[in-house]
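Protein chains in written order, with the working numbering: chain A, 1 to 477; chain B, 1001 to 1477.
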């Protein structure tokens, strides 16, 4: 969630390829490529070793490839394939699951130079973009034409659309609008052996063949490298109206979320902050939300009848004993009401080292999950703040620990496992939007049955027979 | 679009398995199964030979399996796999692409006995259903709880949800709500060798592993047999308001559709009937829509501000020289205004034998496609009526010909090819919602590149290594 990979980095000259530290296979791979897309400078290469995850392994990559076109990506992969060199694709490196972490002897293939927005079509409501476009830039560009690209992961200001597609990123909009994959119509993909493939279409509908587009979405760079994305757009929404409600009991907040869903309202945002998070925000900001707040709900509607939607939501909140309920239709005031949500992670980060986790459960079970996490925190002697997308059951337990203290780190990992297990027990999933990566690869076969695991491996083998693409991510290696 | 497979059919007794006409491998397969799920009576078996498509090959199946549970489906597939018997899965047999057509020496596996709606959850807005549930029955069942399952293929009253998922069926709602696949959260699938797999999840969001759910959606029974479906539901929509506008020029209607899209309105229905279809409806019904109508648009909105949406649509229609524009917010009147659309196919069917085609183009190109089809009709000396889902660019050219006249049949096939080619030239797809099946398998590699075709085959081999599942559908055999 923090940090941003700098845009252009100066490539080293071809002469430096002779560095003794490079294996024969990496050297042979590099030799066939334009020197200006190869980086071997160890200081620069080192900055491509990891994403923003915790508890994941990484290694120093042998080199970084920074291709500028699909054809250059294809050349990189063809050369890597010929020489059996492992390749780890990378967007902005802002991921939280270790899916972009380098492995030993690998090359990191960074898409940061492919930043063109090739087309925005306001009648057919599509855009065609390169993977290195920062998602916020895409949103701003299409907004200029009165259009809306909804997905808004927390990293929207610095993550890239390619990484968003590769991880099927979510965000706060999803309760109404859906996730990244819901907006992907077609892709251009470079396969592990360098072949180039188009998937999907430019039309609204289309069922010609297998859905290879969505096989690629969320595959975290293990099946191919996405070099172009055709996204679906919506008309620009109305400015949202906002409601904030504080609850003296977690149960009241949980039942409010369920009742909003049951009542047939679909807010454009429905976020929750638990007691620990509210207290952290209070401590960091002096907002004074209240020490007896067990949970805070933040609700937005951008419907044409947002007044009526939020009036119904307010009435539900009050039925479940909300104490303070504040509404605003003023954009400035709305932004202020969102401040507590915006501060959730920064406020928790101040408390120590942190792991931002990501699980999802059925909407009706979120209060149970938060309650279980309170117990897990107490049992492990840790602070764990929970916030997230209550409206779609996707929560981000944030574990605070001390990285320099082996006992604390061990407790954090144990709590992480306990939370993941609990989410599954509640009918949920190990990851709602961050992805499996290396962090949760060992959990994949706990969530999915043996046959599914076998099919995952069969698909991986079908697309990447020699296993050079991002080994150890999604599937344990 | 016509015909309905009768529900239960009387199974034959085990004694009849000795019929001399069965091959050794089919007999060996049958012997391991409960007799009450095996049908070998030739008269009954013959009724499972084909779906509703034209221009597709079929054969008499050796037997029909009618399993009642996932475990029985698994037993069927395990036995077929052991004996290398080809299996063609079948829903209601209402498909239009030949994807359920039997091939020589095959067994048809019909899901018509698996009709349970296992669960409807109004808080988490999901339903869990067996594949043999008629889609209209699912819609009615969830409507009783104030919920909405949007997909509404033309066959909604007799096609089944399993077939809808296997073909990723669409309908008139898609312009606003999306297609079947957009509502599928998870599946239970029996693989070609009889192993049982769960895919997906019950939560709104989830990114754990590859999207095997949507790999199965639209795979037309070539990768596995769907035995349970978890669908996402929406709150019940408001009653729709309706507008009908007739245009003296096709261009005016086409530009109206583009302008509605560009203006940011998303109707809940936006259908078009071309001149040929309007004349057929007039002739069949005496509605008197007008002999100088070049195209008719039918628009609905179920938005809370449907009045305002349709007022904007009306103004756009008038800007592009619509002659008659009629609006209604009365449900009875709205139903009457839809009558022309409802009669489109029945009216064209009266003119002779017919092939109901299905292509999609970008919304901005529909007038060009219809114009080209007029030319193609004239060149081939055929009547071709075009109607369909203008709002998402998905049209159904309906070719009228004489099946008993070899020349006419040849002309129809040639026109069919010309329409498919033209859709691709306009940036479209060979099929918007009916699927590839056997009808368009030879076109798949025209739409998709060589690498995509190779990946299709690699995925097929990964999931069905011996190729016993529905060979010749989607991919040419």
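Every residue gets a Cβ at the ideal spot worked out from N, C-alpha and C, and that includes glycine.
Bear in mind that the values here come from a model prediction, so they are computed numbers and not experimental data.
- With respect to chain A, the C-beta atom of residue 1449 of chain B has a partner C-beta closer than 8 Å.
- Chain order gives the chain B residues near residue 452 of chain A as 1197, 1198, 1199, 1209, 1212, where near means a beta carbon separation below 8 Å.
- In the displayed model, residue 237 of chain A falls within coil according to three-state DSSP, outside both helix and strand.
- At a beta-carbon threshold of 7 Å, the residues of chain A lying near residue 1168 of chain B are 207, ordered along the chain.
- Per DSSP, the beta-bridge partners of residue 1389 of chain B are B:1394.
- The continuous alpha helix (DSSP H) containing residue 279 of chain A extends over residues 275-285.
- Nearest to residue 247 of chain A by alpha-carbon distance, out of A:62, A:411, A:274, is A:274.
- In the DSSP assignment, residue 88 of chain A is bridged to A:108.
- Among the residues facing chain B, residue 456 of chain A is included, as its CB has a counterpart in that chain under 8 Å away.
- Annotation: residue 181 of chain A to residue 134 of chain A spans about 16 Å, alpha carbon to alpha carbon.
- When CB distances to chain A are screened at a threshold of 7 Å, the residues of the segment 1408-1434 of chain B falling below it are 1427, 1428, 1429, 1430, 1431, 1432, 1433, in chain order.
- Shown here, residue 55 of chain A sits in coil according to DSSP, grouped into three states, outside any helix or strand.
- For the segment 314-376 of chain A, the full-length beta strand (DSSP E) segments reaching 3 residues or more read 325-328, 353-356 along the chain.
- Contact of residue 364 of chain A with chain B is assigned, a C-beta pair being separated by under 8 Å.
- For residue 98 of chain A, no chain B residue has a C-beta closer than 8 Å to its own C-beta; the minimum C-beta separation is roughly 14 Å.
- With fewer than 16 other Cβ atoms from the protein chains shown falling within 10 Å of its own Cβ, residue 1286 of chain B counts as exposed.
- Burial of residue 1164 of chain B is indicated by the presence of at least 16 other C-beta atoms within 10 angstroms of its C-beta.
- About 6 Å separates the CB atoms of residue 1395 of chain B and residue 1369 of chain B; that is less than 8 Å, so the two are in contact.
- In this structure residue 1231 of chain B does not touch residue 1117 of chain B by the C-beta definition: roughly 10 Å separates them, more than the 8 Å allowed.
- In the DSSP assignment, residue 186 of chain A is bridged to A:200, A:230.
- Taking a 10 Å sphere around the C-beta of residue 279 of chain A, we find 16 or more other C-beta atoms and assign the residue as buried.
- Using a Cβ-Cβ cut-off of 9 Å, residue 1250 of chain B is close to nothing in chain A; its nearest Cβ partner there is about 17 Å away.
- By the Cβ neighbour-count rule, residue 1288 of chain B is exposed, with fewer than 16 other Cβ atoms within 10 Å of its own.
- Under DSSP, residue 242 of chain A takes part in a beta bridge, and its partners are A:300, A:328.
- Residues of chain A with a Cβ closer than 8 Å to the Cβ of residue 1262 of chain B are, in chain order, 122, 123.
- In the three-state scheme derived from DSSP, where H, G and I count as helix and E and B as strand, residue 476 of chain A is classed as coil.
- Looking only at B:1076, B:1391, B:1397, the smallest Cα-Cα distance to residue 1176 of chain B is reached by B:1391.
- Between residue 268 of chain A and chain B, the shortest Cβ-Cβ separation is not below 8 Å.
- In terms of Cβ geometry, residue 60 of chain A and residue 46 of chain A form a close pair [threshold 8 Å].
- DSSP places residue 120 of chain A in the uninterrupted beta strand (DSSP E) bounded by 117-121.
- Membership of residue 63 of chain A in any alpha helix (DSSP H) is not indicated; the residue belongs instead to the beta strand (DSSP E) covering 63-65.
- Counting along the chain, the unbroken alpha helix (DSSP H) around residue 44 of chain A starts and ends at 42-46.
- The segment 1238-1254 of chain B and the segment 1294-1303 of chain B touch, with three or more beta-carbon pairs separated by less than 8 Å.
- Residue 340 of chain A has its alpha-carbon roughly 12 Å from the corresponding atom of residue 290 of chain A.
- Contact check for residue 108 of chain A against residue 88 of chain A passes: the beta carbons are separated by less than 8 Å.
- As the crow flies, the alpha-carbon of residue 186 of chain A is around 6 Å from that of residue 213 of chain A.
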